[in-house]
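Visitor: Heads up, the sequence shown is in my numbering, so the first residue is 4 and it goes up one at a time. C-beta: ideal position from N, C-alpha, C; glycine also. Take this structure first; my questions come after.
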Amino acid sequence: MLNVLLLLVGLGLIVFGANALVDGDSTIARKAGVSEFVIGLTIVGFGTSCPELVVSLTGAIQGNPDIAIGNVVGSNIFNVL
Numbered sequence: 004m005l006n007v008l009l010l011l012v013g014l015g016l017i018v019f020g021a022n023a024l025v026d027g028d029s030t031i032a033r034k035a036g037v038s039e040f041v042i043g044l045t046i047v048g049f050g051t052s053c054p055e056l057v058v059s060l061t062g063a064i065q066g067n068p069d070i071a072i073g074n075v076v077g078s079n080i081f082n083v084l
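Structure representation (structure tokens):
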């Protein structure tokens, strides 16, 4: 029961965070006079790439370059799909 509750809370937080991200980026685009498309390509693109960046850097720092290489290759393959 606790797992289901945590899952629902987590999903709610993801939805809330995604809405806040989109609203914030739209506000930034309007105030900067930049197209929302450009903001989506830069800020949102960077945000979605951060987990892969952290995994790759952590693997490389800990002396596991195979993890970094596998993460980059796997991420790019999945993004193409």
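Do Val58 and Asn74 have their CB atoms nearer than 7 Å?
Guide: As a position in the sequence shown, residue 58 is number 55, starting the count at 1. As a position in the sequence shown, residue 74 is number 71, starting the count at 1. For Val58 and Asn74, yes; Cβs fall inside 7 Å.
Visitor: Which of the three DSSP states, helix, strand or coil, is assigned to Asn67?
Guide: Residue 67 sits at position 64 when you count from the first residue of the sequence shown. Note: Asn67 maps to coil in three-state DSSP.
Visitor: Assuming the contact rule is C-beta atoms closer than 8 Å, Ser52 and Glu39 should be a hit. Round their C-beta distance to whole Å, please.
Guide: Numbered from its first residue, the sequence shown carries residue 52 at position 49. Numbered from its first residue, the sequence shown carries residue 39 at position 36. Going by Cβ atoms, the distance from Ser52 to Glu39 rounds to 19 Å, so no, they are not a contact pair.
Visitor: Under the three-state reduction of DSSP, which class applies to Ser29: helix, strand or coil?
Guide: Translated into positions along the sequence shown, residue 29 becomes position 26. In the structure shown, Ser29 sits in a helix (DSSP, three-state: H, G or I).
Visitor: Can you check which of these residues, Ile46, Ala63, Asn22, is closest to Ile31 by C-alpha distance?
Guide: Residue 31 sits at position 28 when you count from the first residue of the sequence shown. Measuring from the Cα of Ile31, the nearest candidate turns out to be Ile46.
Visitor: Give the range of the alpha helix (DSSP H) segment to which Ile46 is assigned.
Guide: The sequence position of residue 46 within the sequence shown is 43, counting from 1. Element bounds for Ile46: n/a, residue is neither H nor E.
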